[in-house]
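Everything on this sheet refers to the single structure shown next.
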Amino acid sequence: MGSRPVATILSVLVVMACTAPVPQPAASRAGRWVPIPNVPLAPWSAALLPTGKVLLFQSGSGMVLFDPRTRGFGLRISARTNLFCAGLALLGDGRLVAAGGHEGTTTAGKFLGAATAEVFDPWSERWSQLPDMRGGPRWYPTAVTLPDGRVLVASGTDRGRINDAVEILDPMSGEWEIVGHLRIPMYSWPIVDRSGVTFFGPDRVVWRFEIAEGSYRALGRSELSPASG
19 MGSRPVATIL
29 SVLVVMACTA
39 PVPQPAASRA
49 GRWVPIPNVP
59 LAPWSAALLP
69 TGKVLLFQSG
79 SGMVLFDPRT
89 RGFGLRISAR
99 TNLFCAGLAL
109 LGDGRLVAAG
119 GHEGTTTAGK
129 FLGAATAEVF
139 DPWSERWSQL
149 PDMRGGPRWY
159 PTAVTLPDGR
169 VLVASGTDRG
179 RINDAVEILD
189 PMSGEWEIVG
199 HLRIPMYSWP
209 IVDRSGVTFF
219 GPDRVVWRFE
229 IAEGSYRALG
239 RSELSPASG
């Protein structure tokens, strides 16, 4: 190649680079569902923990850890309160916050929410009590972790009435602060960004909550049916 022009050599190298085979990912494997025998409860929710285990929820006294590696279940775990229908959010250090829950049923058949909150340590596998929420009882609230590590809790019902207080838990101090009021259906689905939270469903109106201002506005209406999405 000593007498070949430099431009020709570069052209050959470029062609070789562009036509070289691109490394392909390993062949995909077909997935399959595997039944897990002897599940000790009927979980209404689950949380994947940083230990790799999954905490399955049925109620405050009906929860158990499942290990996907061994497909085994641990002993029953009990919280101090009934966490049936609580809102769940993972903290940055891997602990799990559960806000609200079930306090019973009125004679008219309305569910009583709980103002209590607890936090689960995945390494000690124990629950500990947090201060009660300032906004009052909540049955099926929405709980979501914010970019700064705090946990925002909104909605939930008590005796069939929506709790419109929006409050934030500071996990460092353990204190709750009410930051605004927003009447949205229980268990709305949150999308978080650096300045606020957008709530979708279960009704057609999409709500936006600005954290710093404590203000909210309707962004529009979804074409989905009230319980879809």
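Residues in the sequence shown are numbered consecutively from 19, following the working numbering.
From the three backbone atoms N, C-alpha and C, an ideal C-beta is built for every residue, glycine too.
Handout entry: Contact under 8 Å by Cβ, residue 204 with residue 174
Key = yes
Practice task
Look up residue 178 in the DSSP assignment and say whether it is helix, strand or coil.
Solution key: DSSP places residue 178 outside both helix and strand once states are collapsed to three, so it counts as coil.
Exercise for the section: Using beta-carbon positions only, say whether residue 74 and residue 93 come within less than 8 Å of one another. Expected result: no
Problem - residue 241 versus residue 216: straight-line alpha-carbon distance, rounded - result: 17 Å
Problem - Selected residue, minimal CA-CA separation from residue 128, among 229, 180, 211 and 170 - result: 180
Practice task
If I'm right that residue 101 touches residue 136 with Cβ under 8 Å, what's the distance once you round it to whole angstroms?
Solution key: 7 Å
Handout entry: At least three beta-carbon pairs within less than 8 Å, the stretch 84-91 to the stretch 112-121
Key = no
Exercise for the section: Using a threshold of 8 Å, state whether the C-beta atoms of residue 63 and residue 130 are closer than that. Expected result: When the beta-carbon positions are compared, residue 63 and residue 130 stay at least 8 Å from each other.
Problem - Supposed contact pair residue 164 and residue 182 - C-beta distance, whole angstroms, cut 8 Å - result: Going by Cβ atoms, the distance from residue 182 to residue 164 rounds to 19 Å, so no, they are not a contact pair.
Problem - Nearest-angstrom beta carbon gap, residue 155 and residue 172 [assumed within contact, 8 Å] - result: That pair is no contact at about 14 Å.
Exercise for the section: Write down the C-beta distance between residue 169 and residue 187 rounded to the nearest angstrom, noting that I regard them as a contact closer than 8 Å. Expected result: 4 Å
Practice task
Classify residue 141 as helix, strand or coil using the three-state DSSP reduction.
Solution key: coil
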